[in-house]
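Residues in the sequence shown are numbered consecutively from 1, following full-length UniProt numbering. For glycine and all other residues, C-beta sits at the position ideal for the given N, C-alpha and C. Fair warning: this is a prediction, and the values are worked out from it, not measured in the lab. Read the structure below first, then the notes.
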Amino acid sequence: MNDGTMDGRPGRGDAGPDRTLIIGGGLAAVLLAIIGATGGWVLAGDQKPPRTLSADGTGGPTPSAQPTTSPPRGKPTPAAAPSSIAPSSTAPTRPTGLIVPDLVGLDFEEAREELRDRGLGWSFVFGRGDSSSVRSTNPTAGTPVKRGITVVVDVAGAAPPNEVPDLIGDDCHDARADLVDAGFSPRYPTGRSGTVTAQDPPDGTIGRWNDVVSIWCGSA
Numbered sequence: 001m002n003d004g005t006m007d008g009r010p011g012r013g014d015a016g017p018d019r020t021l022i023i024g025g026g027l028a029a030v031l032l033a034i035i036g037a038t039g040g041w042v043l044a045g046d047q048k049p050p051r052t053l054s055a056d057g058t059g060g061p062t063p064s065a066q067p068t069t070s071p072p073r074g075k076p077t078p079a080a081a082p083s084s085i086a087p088s089s090t091a092p093t094r095p096t097g098l099i100v101p102d103l104v105g106l107d108f109e110e111a112r113e114e115l116r117d118r119g120l121g122w123s124f125v126f127g128r129g130d131s132s133s134v135r136s137t138n139p140t141a142g143t144p145v146k147r148g149i150t151v152v153v154d155v156a157g158a159a160p161p162n163e164v165p166d167l168i169g170d171d172c173h174d175a176r177a178d179l180v181d182a183g184f185s186p187r188y189p190t191g192r193s194g195t196v197t198a199q200d201p202p203d204g205t206i207g208r209w210n211d212v213v214s215i216w217c218g219s220a
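If you want it as structure tokens, here you go:
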């Protein structure tokens, strides 16, 4: 008689020693695989990069290298030296050395010669008295002036009488000089070049200083 199997193998209810070993070995392999995978994941999650010392010797992270640029090489700019010269204001007017002479108290004809010698013009303003002396001038004595300006001379007395000279046939420039010397004021209705062909008032007329005498100059 057999023990319940047809081919001599143990039945389902009989757990042989070989079957037990196979099952136990398989479970152990599965557990080892699970434990190994879990350990590897844990080890992988806890892994940190090795610490390196920073440039200052501490344990902090090493900063990434930044590109450095150097300024272009050139000549150094010298420091501005302090100026020892103070800025000047408006340049002073250059003096000419010419001043109005002191004419007060002089006879007005003498005053005229003083002004003429200095290259200055004159204009007489006569009063009503009998004195021919100068009372004041404008500009006043000592004032710096330029050559050619006119000085107004205030005379205490009235303008004295004067006789108009004969100017017909004279050169226009010469006639002008004669009138100025005689104390008259020349006018030129037809210009200042040529020969005097007419005059007004005529020669021999008695006038006064500063009276106007007209002369017509041109071709004879």
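One or two residues paired with residue i in a DSSP bridge
i	result
V180	DSSP output for V180 lists no bridge partner at all.
D171	T195
D102	For D102, which the question treats as bridged, DSSP gives no partner whatsoever.
G129	G157
P144	I99
T150	G121
Residue i - containing alpha helix (DSSP H), residue span
i	result
A111	108-117
Exposed unless 16 or more other CB atoms sit within 10 angstroms - verdict on residue i
i	result
R112	buried
S219	exposed
G183	buried
R176	buried
V212	exposed
T143	exposed
K48	Low per-residue confidence applies at K48: pLDDT is 49, beneath 50, and the placement is therefore not dependable enough to give any value.
T150	exposed
Continuous beta strand (DSSP E) stretch holding residue i: start and end
i	result
V134	134-138
P186	185-187
S214	212-218
G204	Taken as a continuous stretch (DSSP letters only), G204 belongs to no beta strand (DSSP E), as it is neither H nor E.
Whether residue i touches residue j by CB criterion (7 Å)
i	j	result
G204	N162	no
S133	G105	yes
A141	D102	yes
P160	V100	no
C172	G148	no
R128	A158	yes
P189	W209	no
S214	R187	yes
heavy atom of the ligand MN below 6 Å from residue i C-beta
i	result
A141	Among the components modelled here there is no ligand, and therefore nothing to report on the ligand MN.
Discussion item. Is it the case that the region 152-165 contacts the region 119-132, given that we only count it when at least three CB pairs across the two stretches are under 8 Å?
Written reply: Contact annotation: the region 119-132 touches the region 152-165, with at least three C-beta pairs closer than 8 Å.
Discussion item. I'd like to know if the region 190-201 and the region 166-174 are in contact, where contact means that at least 3 CB-CB pairs between them fall below 8 Å.
Written reply: Using a C-beta cut-off of 8 Å, the region 190-201 makes contact with the region 166-174, since at least three inter-stretch Cβ pairs fall below that distance.
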